[in-house]
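Protein chains in written order, with full-length UniProt numbering: chain A, 1 to 434; chain B, 1 to 456.
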């Protein structure tokens, strides 16, 4: 086997990247394998650690309705309210801090929030408030905790974000400031289904004086712009020249300008992906992307290589230690059909009810069993089999592939990835260098 | 995911199997009465409209009128179920870079859908007497022109550099006069190969190398080289480098009969031409694969075609065997040999390269290998010029009406090349190399040439 490193991480999302960065700090050679562009492009770009816990399991997943999980102010104080099987309970608060530390170092000043353990409250494009631990610096001026009167601006034809509706929603949640929404026509005409990236590019390059004309349009649409201390736009205010675009708009509008995270394809998610890739490069981590991992070779209870399918031929990638960070049901690290729920690469045990009608609840935001599907780790994050025995001595799991957390309801997806990625990566690095 | 009990595959379906006794099984596509030889319905159903494909499309990025891959693939597929509906002519603006395949989180076979839609458009809607059709056919069948030119390379080079010829070509044929035509080599690779003694000479060289390396003399190290058209007619130095490098590792080579890989034909919707070429290639390589040979290609678009497009689009005997046993040259050595070790012990004169990963290398997961490898080579500085597309996409950038789009796409890459320390470019793809040279004036090398310098 010619392709060999000390540590092989399978999966290119936040968990995989964090595991690779942590492993590389031990001095080990590290390779990160990924199949496709990661699901970060679908993600908001926010990094939640823990936004809500508890509840009696009935509906109300947005945290406000009765019976659902309750919003929390400090993730670290709420850890002991999580079930024992939760990944946070396995790795502990130190791993969360370690993961956040690796993240802060990787993204530098592109993100804010590291000054406190407490959750920040970010306005979402749906007009709700989301507790989160780290947020892009362009989002920072828009926090709900800052009592500044706010104007939200949407673009006509951009169906993802309706500013007047979002503003009305936020007003109904009793935010401590006045909030209004207006819709303007973006000054450059695009095709009807233009992407966020197209808007961003027009502002980056100031195409047809887009910046000035956008500011003029906002001024025309708002009854009295002087009433507002800050103006929020959907997160498409430039990409490469984002800071410059926001500064110019702020100058022209006479108010602070901030971005509101959007749905896919999310510019903030793509920017986070780029930041993480740069960090991996700087750490000398090798990357192989484009082909799926499909199997493994093992002997004496240890994984020897992961098999990568390159269109029919399986190529072994060998290492001393392995981290499985392939994601959950969306990232395809956990697979399901009508009969069973499986982990497709190592066929690790994934507990689930035999009757598939017990996998979900009738309510869309209910307390679904499927949300917690995933591999069951031992106290060293190594997946276990049905009897609780460790599957392989040198395989650890991180991120969405781990079961036990309903990350959507808890608002903990990125945090679980960071904490378990950091733990699994450090342990893999340590063991490989022994 | 389709709600069918057994979701159909996107592989070409053998009509006998499809319509045979098992045809009584529930098959959802049958409600559309689709007579095509493959079922792309699961592809359309798997699309959940996240639009990530559109964000990576280099054409959509510079051309606001181009409805990106999501439309060209799943949406157009669905629209054309309706009787009397036509394929939108924007399909001809897709450059077939296949980046959308790599971006889709839901395994929609986008490029396969684009290739079939384009083939259908060209077959059924394009005027066969139009200048565009004739021009595309000539561009797609580059090998035929190159074969003629290679008989009189000096004359061909002189004619192709002659201003008035190019003026006429642009005005009458729509081939841009902005580009410098690639020079034809005075001796093709195959002429050199024959003169050198063909497979017999290679066997001798390989055996000597094995002895030197301490490998068993009868080691089973046999590869069949798919050199493609460009390294045969235009850059035989790349093909020769491959031969030297592989022989130095003890591999004996054969250079079997071959046609164009089909890449330019797919991109121009000439699927019949592509299938004819594929039949020749598959038949000649399938026999060798059966004898224990692996196929290697030096051009990443050629290896892409043999691996992915052939089995996706055609039903030819032996096609799966050829696809499974085809490799890009560097990839093959990385899998089979301790290339890293060999490189660590080697050194070359100081040089710095601006490396560009071709889109088709990216799609095979090969976009980082040259960087990774040569970073360990003493004397060499490698710099990645970013993940943008070069913009030429084979014949695309040669079309007069696409030239501007092509150069706009390439802008990012040119800029990064200028910023990079090196003033020699490096890439695996011959047309990316053309574009890199055209946009910067740099000399462009293939990784195999550097490997040859380091190891041979």
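Using N, Cα and C, we set each Cβ at its ideal position, and we do this for glycine too.
Here the C-alpha atom of residue 68 of chain B lies approximately 33 angstroms from the C-alpha atom of residue 296 of chain B. Our two residues, residue 229 of chain B and residue 51 of chain B, have alpha carbons roughly 36 angstroms apart in a direct line. In the structure shown, residue 282 of chain A adopts helical secondary structure according to DSSP, grouped into three states.
Contacts with chain A at 7 angstroms (Cβ-Cβ) include residue 368 of chain B.
If you draw a 10 Å sphere on the C-beta of residue 148 of chain B, you find fewer than 16 other C-beta atoms in it, and that means exposed. Across the structure, residue 34 of chain A and residue 417 of chain A are spaced so that their CA atoms are roughly 16 angstroms apart. Using a CB distance cut-off of 7 angstroms, residue 197 of chain A counts as an interface residue toward chain B.
Neighbours of residue 259 of chain A in chain B, taken as residues whose beta carbon is under 7 angstroms from its own, are absent, since the nearest beta carbon is some 17 angstroms off. The DSSP assignment places 163-172 as complete runs of the alpha helix (DSSP H) inside the region 117-172 of chain A, in order along the chain (cut-off: 4 residues). Linking residue 122 of chain B to residue 263 of chain B through their CA atoms gives a straight-line distance of about 16 angstroms. Sixteen is the threshold: when 16 or more other Cβ atoms of the shown chains lie within 10 Å of the Cβ of residue 103 of chain A, as they do, the residue is buried. Within chain A, the residues 288, 289, 290, 291, 310 have their CB atoms less than 7 angstroms from the CB of residue 365 of chain B, given in chain order.
For a cut-off of 8 angstroms, the C-beta gap from residue 223 of chain B to residue 246 of chain B is around 6 angstroms, short enough to register as a contact. Unbroken alpha helix (DSSP H) stretches of 4 residues or longer found wholly inside the region 333-376 of chain B: 339-344, 359-363, 369-374, given in chain order.
Boundaries of the beta strand (DSSP E) harbouring residue 443 of chain B: 443-445, taken from the DSSP string. Residue range 179-184 is occupied by the beta strand (DSSP E) that includes residue 179 of chain A. Nearest CB-CB separation between residue 264 of chain A and chain B: below the 7 angstroms threshold. Contact note: residue 336 of chain B reaches chain A through 2, using a C-beta cutoff of 9 angstroms and chain order.
Along the region 38-52 of chain B, going in chain order, the ones with a CB nearer than 7 angstroms to a CB of chain A are 50, 51, 52.
Taking the C-beta atoms as reference points, residue 167 of chain A is found no nearer than 7 angstroms to residue 321 of chain A. Along the region 236-323 of chain A, the alpha helix (DSSP H) occurs as fully enclosed runs of 4 or more residues at 242-253, 267-282, listed in sequence order. For residue 375 of chain A against residue 341 of chain A, the beta-carbon gap comes to about 11 angstroms, at or over 8 angstroms, which does not count as contact.
Against chain B, a Cβ distance below 8 angstroms from residue 191 of chain A picks out 64, 65, 67.
Within the region 212-275 of chain B, complete alpha helix (DSSP H) segments of at least 4 residues are found at 230-233, 236-248, 263-267, given in chain order. In the assembly as shown, residue 208 of chain A is an exposed residue. Its beta-carbon has fewer than 16 other beta-carbons within 10 Å. In chain order, 36, 37 make up the part of chain A whose C-beta sits under 9 angstroms from the C-beta of residue 104 of chain B. In the three-state reduction of the DSSP assignment, residue 36 of chain A falls in the coil class, being assigned neither a helical nor a strand state. Per DSSP, residue 81 of chain B lies in no beta strand (DSSP E) and is assigned neither H nor E. Here residue 103 of chain B is near residue 53 of chain B, since their CB atoms are less than 7 angstroms apart.
The beta carbon of residue 221 of chain A lies closer than 6 angstroms to those of 182, 184 in the same chain, with the five residues before and after it left out.
A distance below 7 angstroms separates the beta carbons of residue 413 of chain B and residue 356 of chain B. Here the alpha carbons of residue 135 of chain A and residue 125 of chain A stand approximately 14 angstroms from one another. Taking CB atoms only, residue 372 of chain B has a neighbour in chain A less than 7 angstroms away.
Residue environment for residue 368 of chain B: buried (at least 16 other C-beta atoms within 10 angstroms of its C-beta). Residue A:212 holds the alpha-carbon nearest to the alpha-carbon of residue 246 of chain A among A:106, A:212, A:3. DSSP places residue 65 of chain B outside any alpha helix (DSSP H), giving it a letter other than H or E.
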